[in-house]
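Enquirer: This is the structure I want to talk about, given as structure tokens.
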Amino acid sequence: MRYRTRLVAGVVLAAAALGFAPIASRMAVPSAEAQNIGQRVVNGSVMDAESGAVVGATVFLRNTKTKAIRSYTSTKDGRFRFAQVDMSQDFDLWAEKEGKKSPTKTISSWDTRKDVETELKLK
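As numbered in mature numbering (1 follows the signal peptide of the UniProt record, and there is no 0), residues -28 to -1, 1 to 95 make up the sequence shown, in order.
Printed below as a string of structure tokens:
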């Protein structure tokens, strides 16, 4: 009798474990790559040491994996804008003008913002 009770209990536990496994896998959190499908916009302003807008600075956006570089010339109010930036890739961003360069900023694929706003300060 004890053998039969243990056997039934084992079968019930196994069935429960197998029955719940598909449900648990459907409830899993999506990967970071799946969450970051799509495009983003990277924009901001280029400033000098006194926090004044820098006109005509070249802003670079480099894909850290492919090393492809896009560039943009800052406007009269120091603004720049890169559209259609792949959210699943990492990028480096910096500005240069007349021998001065801003520190490089990294835009990570882990960053889920669709609109990234940043300030680049020339040194």
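Where is the CB? At the ideal position from N, CA and C, for every residue including glycine. No experiment lies behind these values; they were computed from the predicted model shown.
#1: So what does DSSP say about Ala25, is it helix, strand or coil?
#2: Mind reading off the beta-carbon distance from Val18 to Val31? Whole number of angstroms is fine, and I expect it under 8 Å.
#3: Under DSSP, the beta strand (DSSP E) around Gly16 begins and ends at which residues?
#4: Name the one or two DSSP bridge partners that Trp82 has.
#5: Looking at C-alpha atoms only, which residue of Val57, Asp58, Thr36 is the closest neighbour of Thr76?
#6: Let me confirm a value: Gly10 is counted as buried when at least 16 other C-beta atoms fall within 10 Å, else exposed. Which label applies?
#7: I believe Gln61 touches Ser81 by the beta-carbon criterion, under 8 Å. Please report the beta-carbon distance rounded to the nearest angstrom.
#8: Mapping DSSP to helix, strand and coil, what is Ser(-4)?
Expert: On the basis of the supplied data:
#1: Reduced to three states, the DSSP call for Ala25 is strand.
#2: With 8 Å as the limit, Val18 and Val31 qualify as a contact, their Cβ atoms being about 6 Å apart.
#3: 11 to 19 is the span of the beta strand (DSSP E), which, as asked, contains Gly16.
#4: Answer is none; Trp82 lacks a bridge partner.
#5: Comparing Cα-Cα distances from Thr76 to each of Val57, Asp58, Thr36, the minimum goes to Thr36.
#6: Exposed, by the Cβ-count rule.
#7: Their Cβ separation, rounded to whole angstroms, is 6 Å, which keeps Gln61 and Ser81 in contact under 8 Å.
#8: Confidence at Ser(-4) is low in this model, with a pLDDT of 47, below 50, so its placement is unreliable and the value that follows should be read with caution. Reduced to three states, the DSSP call for Ser(-4) is helix.
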